[in-house]
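S.K.:
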Amino acid sequence: MAKNLVIVESPAKAKTIKKFLGSNYKVEASMGHVRDLPKSQLGVDIEHDFNPKYITIRGKGELLKQLRKEVKKANKVYLATDPDREGEAISWHLIFSLNLQDKKFYRITFNEITKNAIKSSIKQAREIDMDLVDAQQARRLLDRIVGYKISPLLWKKIKKGLSAGRVQSTALKLICDREDEINRFIPEEYWSLKARLHDKQSGDELTASFYGKGKKIKIGSKEQMDDIMEHIKDKPYIVEDVKESVRLKKSPKPFITSTLQQEAARKLNFTASKTMRIAQQLYEGVDVKGNGTVGLITYLRTDSTRISDEANNAVKSFIDETYGQAYVNHDGVKTNKKGKVQDAHEAIRPTYVELLPQTLKESLSRDQFRLYGLIHSRFVASRMMPAKYATKAIKIKVGDYRFNASGSVLVFEGFLKVYNISDDVEDNQKIDNINKDSKLDLEELTPKQHFTQPPARFTEASLVKTLEENGIGRPSTYAPIISTIQKRGYVSKETKNFFPTELGEVVNGIMEEYFKDIVNVKFTAGLEKELDEVEAGAIPWKDVLRKFYPNFNDTIDYAEEKIGKIEIKDEVSDVICEKCGRNMVIKLGKYGKFLACPGFPDCRNAKPLFEKVDDVDCPICGGEVFVKKTKKGRRYYGCEHNPECEFMTWNRPTKEKCPKCGTIMVEKGKYLKCNNDECNYSQLKESKDETDSQVVNKA
């Protein structure tokens, strides 16, 4: 009989840990939290110093009964939930739910699920860290008070089913503020001027950009451009100065939660919640052929880029053996030292760097393979030498004005051997042979009109980055924040960009007018710092609530009195209800928008709402093409006559036809691709700038 009981959160984690422990250990799963505040009431006794009322989560009774039986059989109980505030709180709740007060129980934590980490954690078993628990309690009660006090107000004044969370409201404000910026934006005209030049001696060509006269000049109108063009007309292009140098591009830091979510969004098109779900699977363990269940990455909720000495030595040996000694960075890599970094555990990295993504491909799902590959390559790259470029900057005199040209040549790949940073744009113009003696001829002079662009709408990647930079939320909260504001219908996502809905703008307007502190970025970040101080043992957790509540409660009373009833009318569609002849309206339900008859309850007709793809006809039957979703929620494009017409594609169709085989072209990133799998034709999307340019002075 096992003398020791180890309790983790999930069956997958339990399965991975079992293989590292002997027959004296039994591993069971709590299936996450076992106690929480009740859903039907506030669950916080404000009159008695904010005492929380915890109850057993519905459906956990039978599981707890089984765990209590296992506890009775064991001599020692090890609580091995995740190494963060949430995990510490789960362990604390298990003490009460399993009556462990009179048992020998210990708290163990590990950043990776490996044999060494598990064995070491048991040797370093400790008591529950009540500072961590209290930080989690303070957050949970703050969020409960805000949500359960403001949400009923929104139900009464707008409609049922709305919510206003402490952090989600701040995220919604960021999106609404950005939309206001875009709406207020007034474009400003500006011009660029590029000269394509030819070196008579070497035969090299280069493109130089207009700079100015002594200092940089901004060309703001066609008249100004015409004056410059007139001045440089027929003037020689003389090389005035050539400067050569070496530029280093530093290797990237290993992933933390926010950067993993950002990069997975850019490179893999993953949502934040999908990234975290798959990373959780890789952390808890995957069945690897020949090795059993293996935890492939370290803990996924972290804001530290620190790496253990053991992992650091292992990856340097791997780089040396795989790529050569020249690629190993022996100088060390700086880690983040910002005040808000908790540094509780390491960066996200592979547990075994020698387990290459390609060797695991058969054991992983497609999404697991892609995410593991991203984490593995980023970690290896973080310990490699910088990339080295030979650069050349050239100043060219034309009359009284100056043009600049620059170019770079990669002379040492360094970390680029394994990892390309998403937003890399290199000026790789080859101008090796251009020097002060070069004689340049003008081939083409291209003035181009531009207009300044409004700030970009938030994507998941840029929103996570902004939340992290402003100290809003913590690594474990980014994905839930984004999911919540979408589920509530406060924002919609189109082509990766977030737009506030009418409902979102109304809710944000109320929050801004009556609950300024809740949606204030600095105030929210300040609360996060106070929670960090609770975790550090610097302040009692109830002090945070005592300080926050009085003013908040007064605001609730004021808002209740001042806010009138707000009516948001349903958007009327051009779809006619086939049962009663009314125009159907667009409503928002649990699974997104749908069409419903406004005659409810007399007429209960409802059906899915499909977004039409403009200017695109079905290539099979000529019908209209709509955006649809599979049962699992995956987006695809299909004919209105489906299932009679079989046309469907995962990528957005266009009206363009493939010049090679005549099949319709679909959008895939920056490319248009033929939808015929047997035809591999693709082309870059046409850029508007490319068609708007003016070209003069062609030689």
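Counted the way this note's numbering counts, the sequence shown spans residues 13 to 711. Note that the Cβ used here is the ideal one computed from N, Cα and C, for glycine as well.
#1: When the Cα atoms are used, what is the spatial distance from residue 321 to residue 81?
#2: When the Cβ atoms of the stretch 656 to 673 are set against those of the stretch 621 to 638, are three or more pairs found closer than 8 Å?
#3: Taking DSSP as the reference, what is the three-state secondary structure of residue 292?
#4: Starting from the Cα of residue 16, find the closest Cα among 638, 99, 28 and 34 and give me that residue.
#5: Output the distance between the C-alpha atoms of residue 95 and residue 531, rounded to the nearest integer angstrom.
#6: Using DSSP with H/G/I as helix, E/B as strand and the rest coil, what is residue 655?
#7: By the three-class DSSP mapping on this structure, what secondary structure does residue 502 have?
#8: How do the stretch 414 to 425 and the stretch 262 to 272 stand: do at least 3 beta-carbon pairs fall below 8 Å, yes or no?
#9: Sort out for me which residues DSSP pairs residue 462 with in a bridge.
#10: Out of 397, 329, 481 and 338, which one is the CA nearest neighbour of residue 364?
#11: Along the alpha helix (DSSP H) that carries residue 341, what are the first and last residues, could you check?
#12: Using only the alpha-carbon positions, how far apart do residue 147 and residue 62 sit?
#13: Out of 69, 112 and 290, point me to the one whose CA is closest to residue 24's CA.
#14: Residue 8 bridges to which residues according to DSSP?
#15: Could you tell me the alpha carbon to alpha carbon distance between residue 158 and residue 582, rounded to whole angstroms?
#16: Output the distance between the C-alpha atoms of residue 592 and residue 642, rounded to the nearest integer angstrom.
#17: Suppose the cutoff is 6 Å on Cβ atoms and the five residues either side in sequence are ignored; what does the same chain contact list for residue 623 look like?
#18: For the putative contact between residue 265 and residue 314, defined by C-beta atoms under 8 Å, what is the C-beta separation to the nearest angstrom?
#19: Ignore the nearest five residues each way along the sequence and tell me which others in residue 21's own chain have a CB closer than 8 Å to its CB.
#20: Which residues in the same chain as residue 171 place their Cβ atom closer than 8 Å to its Cβ, once the five residues preceding and following it in sequence are excluded?
#21: Return yes when the Cβ of residue 310 is within less than 7 Å of the Cβ of residue 360, no when it is not.
#22: Among 512, 460, 251 and 296, whose alpha-carbon lies nearest the alpha-carbon of residue 404?
#23: Using alpha carbons as the reference points, say which of 464, 570, 427 and 617 lies closest to residue 197.
#24: Where in the stretch 528 to 585 do unbroken runs of the alpha helix (DSSP H), each at least 4 residues long, occur, reported from the N-terminal end onward?
#25: State the DSSP-derived secondary structure class of residue 325, mapped to helix, strand or coil.
#26: Should residue 703 go down as buried or exposed, given a rule of 16 or more other Cβ atoms within 10 Å for buried?
#27: When you compare the stretch 236 to 256 with the stretch 405 to 412, are there three or more beta-carbon pairs, one atom per stretch, that lie closer than 8 Å?
#28: Could you tell me if residue 48 is buried or exposed, where buried requires 16 or more neighbouring beta carbons within 10 angstroms of its beta carbon?
#29: By the 10 Å Cβ neighbour count, where 16 or more other Cβ atoms means buried, how is residue 12 classified, buried or exposed?
#30: Using 8 Å as the threshold, is the stretch 60 to 74 in touch with the stretch 113 to 131, meaning 3 or more CB pairs across them?
#31: Is any beta-carbon of chain B found at less than 7 Å from that of residue 152?
#32: Could you give the first and the last residue of the continuous alpha helix (DSSP H) run that contains residue 99?
#33: Using 8 Å as the cut-off, can you tell me whether the stretch 533 to 549 makes contact with the stretch 468 to 485, which would need three or more C-beta pairs spanning the two stretches below that distance?
#34: Determine the burial state of residue 52: buried for a count of at least 16 other Cβ atoms within 10 Å of its Cβ, exposed for fewer.
#35: Identify which residue in 460, 469 and 26 has its Cα closest to the Cα of residue 193.
#36: Going by CA-CA distance only, name the one from 673, 559 and 494 that's closest to residue 154.
M.R.: On the basis of the coordinates in this document:
#1: Here residue 321 refers to the residue found at position 309 of the sequence shown. Here residue 81 refers to the residue found at position 69 of the sequence shown. Their backbone Cα atoms lie some 41 Å apart in a straight line.
#2: yes
#3: As a position in the sequence shown, residue 292 is number 280, starting the count at 1. In the structure shown, residue 292 sits in a helix (DSSP, three-state: H, G or I).
#4: If you number the sequence shown from 1, residue 16 lands on position 4. Nearest of 638, 99, 28 and 34 to residue 16, Cα basis: 34.
#5: In the sequence shown, counting from the first residue as 1, residue 95 sits at position 83. In the sequence shown, counting from the first residue as 1, residue 531 sits at position 519. Taking the straight line joining both Cα atoms gives about 30 Å.
#6: By one-based count along the sequence shown, residue 655 stands at place 643. Residue 655 falls in the coil class under three-state DSSP.
#7: Within the sequence shown, the letter at position 490 stands for residue 502. The answer is coil: DSSP assigns residue 502 none of H, G, I, E or B.
#8: no
#9: Along the sequence shown, read from residue 1 onward, the residue named residue 462 stands at position 450. DSSP output for residue 462 lists 202 as bridge partner(s).
#10: Indexing the sequence shown from 1 puts residue 364 at position 352. Considering only alpha carbons, the answer is 329.
#11: Sequence index remark: in the sequence shown, residue 341 carries index 329 (1-based). Element bounds for residue 341: n/a, residue is neither H nor E.
#12: If you number the sequence shown from 1, residue 147 lands on position 135. If you number the sequence shown from 1, residue 62 lands on position 50. Spanning the two alpha carbons is a distance of roughly 14 Å.
#13: Mapped onto the sequence shown, residue 24 falls at position 12. For residue 24, the nearest C-alpha among the options comes from 290.
#14: The displayed coordinates of the chain run from 13 to 711. Any statement about residue 8 would go beyond what the structure contains.
#15: Position 146 of the sequence shown holds residue 158. Position 570 of the sequence shown holds residue 582. Whole-angstrom Cα-Cα distance: 28 Å.
#16: Here residue 592 refers to the residue found at position 580 of the sequence shown. Here residue 642 refers to the residue found at position 630 of the sequence shown. So the alpha carbons of these two residues sit roughly 29 Å apart.
#17: The sequence position of residue 623 within the sequence shown is 611, counting from 1. So the qualifying residues of the chain are 639.
#18: As a position in the sequence shown, residue 265 is number 253, starting the count at 1. As a position in the sequence shown, residue 314 is number 302, starting the count at 1. Not quite, the Cβ-Cβ distance comes to about 12 Å (not below 8 Å), so this is no contact.
#19: Here residue 21 refers to the residue found at position 9 when the sequence shown is read from its first residue. Cβ within range, chain order: 41, 42, 43, 44, 93, 94, 99 and 102.
#20: Here residue 171 is taken as the residue at index 159 of the sequence shown, counted from 1. Only 580 meet the Cβ criterion.
#21: For the purposes of this step, residue 360 is taken as residue 348 along the sequence shown, with counting starting at 1. For the purposes of this step, residue 310 is taken as residue 298 along the sequence shown, with counting starting at 1. Contact: yes.
#22: The residue given as residue 404 occupies position 392 in the sequence shown. For the residues 512, 460, 251 and 296, the minimum Cα distance to residue 404 belongs to 251.
#23: By one-based count along the sequence shown, residue 197 stands at place 185. The option with the nearest alpha carbon to residue 197 is 464.
#24: 528 to 531, 533 to 547 and 553 to 574
#25: By 1-based counting over the sequence shown, the position of residue 325 is 313. Three-state result, residue 325: helix.
#26: Within the sequence shown, numbered from 1, the residue matching residue 703 stands at position 691. Bear in mind that the predicted position of residue 703 carries a pLDDT of just 35, short of 50, making it too unreliable to give a figure here.
#27: yes
#28: Mapped onto the sequence shown, residue 48 falls at position 36. The residue is buried, with at least 16 neighbouring Cβ atoms inside 10 Å.
#29: Past the boundaries of the shown model lies residue 12; the chain is included only from 13 to 711, so the question cannot be answered.
#30: no
#31: Here chain B cannot be found, since the structure has a single protein chain.
#32: Against the sequence shown, residue 99 aligns to sequence position 87. From DSSP, the alpha helix (DSSP H) with residue 99 extends over 97 to 109.
#33: yes
#34: Here residue 52 is taken as the residue at index 40 of the sequence shown, counted from 1. Residue 52 should be labelled exposed.
#35: Within the sequence shown, numbered from 1, the residue matching residue 193 stands at position 181. Cα-wise, what sits closest to residue 193 is 469.
#36: The sequence position of residue 154 within the sequence shown is 142, counting from 1. The option with the nearest alpha carbon to residue 154 is 559.
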